[in-house]
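Protein chains: 2
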Amino acid sequence: MADLLTKRADDYAQWYNDLVLKADLAEHSDVRGCMVIKPHGYSIWEKMQGALDRMFKDTGHVNAYFPLFIPKSYLAKEASHVEGFAKECAVVTHYRLKSDPVHGVVVDPDARLEEELIVRPTSETIIWNTYRGWVKSYRDLPLLINQWANVVRWEMRTRLFLRTAEFLWQEGHTAHATKAEAIEESERMLDVYATFAEEWLAIPVIKGIKTASERFAGAEETYCIEAMMQDGKALQAGTSHFLGQNFAKAFDVVFTNRENKQEHVWASSWGVSTRLMGALIMTHSDDQGLVVPPKLAPVQVAVVPIAKNAEQMEAIRVYFAPIMADLRGRGITVKFDDDDQKKPGWKFAEYEFKGYPVRIAIGPRDMENGTVEVARRDTLEKQVMQTVDLGEKVEHLLTAIQSNLYQKALALRERYTRVVDSYDEFKEAIEEGGFILAHWDGTAATEEKVKQDTKATIRCIPLNGDRSPGRCMVTGAPSNQRVIFARAY
Amino acid sequence: MADLLTKRADDYAQWYNDLVLKADLAEHSDVRGCMVIKPHGYSIWEKMQGALDRMFKDTGHVNAYFPLFIPKSYLAKEASHVEGFAKECAVVTHYRLKSDPVHGVVVDPDARLEEELIVRPTSETIIWNTYRGWVKSYRDLPLLINQWANVVRWEMRTRLFLRTAEFLWQEGHTAHATKAEAIEESERMLDVYATFAEEWLAIPVIKGIKTASERFAGAEETYCIEAMMQDGKALQAGTSHFLGQNFAKAFDVVFTNRENKQEHVWASSWGVSTRLMGALIMTHSDDQGLVVPPKLAPVQVAVVPIAKNAEQMEAIRVYFAPIMADLRGRGITVKFDDDDQKKPGWKFAEYEFKGYPVRIAIGPRDMENGTVEVARRDTLEKQVMQTVDLGEKVEHLLTAIQSNLYQKALALRERYTRVVDSYDEFKEAIEEGGFILAHWDGTAATEEKVKQDTKATIRCIPLNGDRSPGRCMVTGAPSNQRVIFARAY
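If you want it as structure tokens, here you go:
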């Protein structure tokens, strides 16, 4: 199967697209920009959802559900938000179809909505309009609410998972009595995202804040985690926004504070989306196909019995049954593939291409010897193992694979991160890709000039970076700290 | 809080609406017909999702995701489907907004879609259009796929959970090589729904098939489970459809069968929705508020310490900690409510009104005596229990409550189910509510006449009912078996 895959070195974008399609992760639908997430892809997304949902609940959040539709006028209520989101939207104008002898089905012109509805591109407006009824006093705060939902942004150029008109995501929307609490919440959720990225996705990320021009429309501050893909391009993997009182003011959400005074509520919002699927694929996969970290793999271990006939198959099944039970008892997901319509070689290729972390092969000779052949997907190494304590060995191997994937990605990022002091150096370095740490004078004009000249943007101002001051590589004006420039997805 | 609730006997519909709002389950949004599902309501829905999802996976299904939008022309491809669904739909006609100096934000007339998109009312069309690319041979079958999604049907008269313009649901869409397998699948999923209703929702249901006039638009056969609410009205709690080859023919989905011949694929689809929340509430709740079966309760046990000061509170906390640990070790969800801003009486009222299955009160005197007061929500009974083996006792109590709720609902259904032989008798009986078992001649004309005369519909032809033949109560024509008539939600 891997021979159907474009090599990364030949055409990285084509490799990505091939892989998403051929590993059965997703495909384009007939509806412009909307994808179908196929079962293999969706099962990875489900694992992500499960892990994130537990982390949200462990930090005190609950889930709820708000309407898909937003009245058009809501978008205009928050001044910056309207600039960002009242653009490429799906607009519902009618609520009825009728049969037509010539055209089959037509839109009923009599069923025009008084006010058009927008399919939510994000839910701040409808949620803050709802919160108005929920908050009277400081005792009603904080509201720590998350929503799992689909959203629509009418993107013109789409790529599977990375940029689609409809995508799946979660959006947290919290309301607080004080500015400090809202900022603390924004930062807490950035930490949750960073932990999730590193411990589950096995993707190292840099935590930072966005420049004013890259900030979420309506936010006072946008925090983000930035990852580096194998081609050296950056990918924003999650954002958390401190929204100040902007939406509370736009939707008139006030509360009586502890001093018995009326005050506007403070807010945060934060989200990650099916875009993380793209990040996962582009971080770990290779020319042999998909690589999935064990913690997110739909099935962690595939067992391929090598049998000449039904009798041998049954003997292997019986022999291996206690090991299957042991693996499952350790919480490991495992598939015993006794499909006699497919040859072992075909199965090996399939499991490798689709990213099963560990593959175990076992034939009659192995049974005699008390061994199995264990292949790990990350390094493609195979080794013969004694079946004694096999469950424990496989458990350790899965942990080792998870860790190795992270370390590999971290090594790549470190290799492609450079410190640059002059603009000439920068222009050369950016062609090689990766993250470039450079001083910037803090102006939108310089940021825009760099973007125009090189297509690189400021990914973030790192939160934990080197804080040594310096001089802007473009203008020479003073700078407080280096920022990260990169070309990005 | 219960004194804010209309009594069921006074106005059942108002009781339901009050309860949904005041128990913080859901509320109306500003968008016509669209609801906000509040955290307490959503957490019950999440438990339903979790249980159903496990049952789907245990029967071999996987999840996937298909686009929200359906090209208008797709709806017209299946002749019966278009009659059923090309009606009250949300229609997207434009994909861009623009700023306007006078009106703030307006729809950009230049951004009109060539073909309008429908927000999915159900996904058969878009999914079968996708399946065309997935099925070539019998080896690709069956496809056993489920989707968790939101759907929109532009209902004119809406009621929270029961009938809303947007609702959440799951829709299974399966593809099979033979008619027999597709029918078997439809029946299997009906059984899954019935088991879920009885074991999780604690709602007894009758499995049956719909008459032709009540059949899903595009189905050859619609199977359903019907439940009876406390007011004697019926509620359809889930449907499973055998779709024949209708959608395969409409979307040209053919496969090479084992005899190497081209054949259209056979299909089923099946779904349950947030409507089940309405069924749950109307089956078990009472004039004191919400009643939730333990298996679906967001929190099963609320512990209310009765303390005069912080010192006592801490003493109770320490004393009760091992019991908390024991309860959690048994997989029981429990909340120790040490909020000192609220009085115990207020907490009792809150937990009772919101349907916590078990409430435990413990004060300093109880500690001395080694006792607690345990209140069960279903019967409102209180009893003093020794703390010895309390975890085990509570575990048994939760099982008893789950079972009692089911038995109570079953007893009600049996009390309000009558066998009727004449139309005069029927017209009298229907005014008292409940299920009426009567003979019907199998014609749509008779079904329609009964509906016009009495507002009762045929809920289903029971699968496991008495198969004695008889004569139609209206026309006297021969009938194979009794069917269930009722007024319905």
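Line order of the protein sequences matches chains A and B.
By the count of the numbering used here, the first sequence reaches residue 868 at its end, each step adding exactly one.
By the count of the numbering used here, the second sequence reaches residue 868 at its end, each step adding exactly one.
For each residue, glycine too, the CB sits at the ideal point set by N, CA and C.
- Contact of LYS417(A) with chain B by beta-carbon distance below 7 Å involves ALA443.
- A direct Cα-to-Cα measurement between GLU493(B) and PRO500(A) gives close to 21 Å.
- With respect to SER619(A), GLU550(A) sits apart: the two C-beta atoms are not nearer than 8 Å.
- For GLU503(A), the enclosing alpha helix (DSSP H) has its first and last residue at 503 to 513.
- Look at the stretch 454 to 475 of chain A: the residues with a C-beta under 7 Å from a C-beta of chain B are LEU454, ALA455, VAL461, ALA465, LYS466, GLU467, CYS468, ALA469, VAL470, VAL471, THR472, HIS473, TYR474 and ARG475.
- Boundaries of the alpha helix (DSSP H) around SER782(B): 769 to 794.
- Assigned with DSSP and collapsed to three states, ALA402(B) falls in coil, not helix or strand.
- Counting along the chain, the unbroken alpha helix (DSSP H) around LYS806(B) starts and ends at 802 to 811.
- Restricted to the stretch 646 to 697 of chain A, the alpha helix (DSSP H) segments that are unbroken, complete and at least 4 residues in length are 654 to 663, listed in chain order.
- It is roughly 11 Å from the alpha-carbon of LYS834(A) to the alpha-carbon of LYS612(A).
- Note that the C-beta distance between PHE546(B) and ARG654(B) is below 8 Å.
- Taking 8 Å as the upper bound for CB-CB distance, LYS714(B) and HIS419(B) are not in contact here, some 13 Å apart.
- Excluding five sequence positions before and after PHE595(A), the CB atoms of its chain that fall closer than 6 Å to its own CB belong to THR601 and HIS620, given in chain order.
- The alpha-carbon separation between ILE588(A) and CYS603(A) amounts to approximately 6 Å.
- Under DSSP, ASP519(B) takes part in no beta bridge, so it has no partner.
- By the CB criterion at 8 Å, ALA443(A) and TYR735(B) fall outside the cutoff.
- Taking a cut-off of 8 Å on C-beta distances, the stretch 567 to 586 of chain B does not touch the stretch 797 to 812 of chain B, as fewer than three cross pairs fall below it.
- Cβ-Cβ separation between ALA823(A) and ALA591(A): approximately 6 Å, consistent with a contact (criterion under 8 Å).
- Residues of chain B whose Cβ lies closer than 8 Å to the Cβ of LEU496(A) are, in chain order, VAL410 and ALA469.
- At a cut-off of 8 Å between beta-carbon atoms, ASN639(A) makes no contact with chain B.
- Its chain contains GLY412, THR543 and ALA544 as the residues whose beta carbon lies nearer than 7 Å to that of THR537(B), once the 5 sequence neighbours on both sides are disregarded; these appear in chain order.
- Put simply, the stretch 643 to 650 of chain B does not touch the stretch 671 to 687 of chain B. Fewer than three CB pairs are less than 8 Å apart.
- In the three-state scheme derived from DSSP, where H, G and I count as helix and E and B as strand, MET764(B) is classed as strand.
- Put simply, the stretch 511 to 526 of chain A does not touch the stretch 477 to 485 of chain A. Fewer than three CB pairs are less than 8 Å apart.
- Residues of the stretch 529 to 549 of chain A whose Cβ lies closer than 8 Å to any Cβ of chain B, in chain order: ASN529, VAL531, TRP533, GLU545 and LEU547.
- Under a criterion of Cβ atoms nearer than 7 Å, no residue of chain B is adjacent to THR501(A); the nearest Cβ is some 14 Å distant.
- Straight-line measurement puts the Cα of ILE840(A) at about 12 Å from the Cα of ASP820(A).
- Taking a C-beta cut-off of 7 Å against chain A, none of the residues of the stretch 752 to 768 of chain B qualify.
- Interface annotation for the stretch 648 to 668 of chain A against chain B: THR653, criterion Cβ-Cβ distance under 9 Å.
- Contact between the stretch 398 to 410 of chain B and the stretch 663 to 677 of chain B is established, with three or more Cβ pairs separated by less than 8 Å.
- The Cβ neighbour count for SER516(B), taken over all protein chains shown within 10 Å, is under 16; the residue is labelled exposed.
- Per DSSP, reduced to three states, the secondary structure at ASP489(A) is coil, with no helix or strand assignment.
- Using a Cβ-Cβ cut-off of 8 Å, LYS401(A) does not count as an interface residue toward chain B, since no Cβ of chain B sits closer than that to its own.
- Segment contact: the stretch 765 to 774 of chain B against the stretch 782 to 789 of chain B, fewer than three CB-CB distances shorter than 8 Å; contact not assigned.
- Taking C-beta separations shorter than 8 Å and ignoring five residues to either side along the sequence, the partners of VAL751(A) in its chain run ILE739, ALA740, ILE741, ASP745, VAL763, MET764, THR766 and LEU769, following chain order.
- For a cut-off of 8 Å, the C-beta gap from ALA465(B) to VAL484(A) is around 5 Å, short enough to register as a contact.
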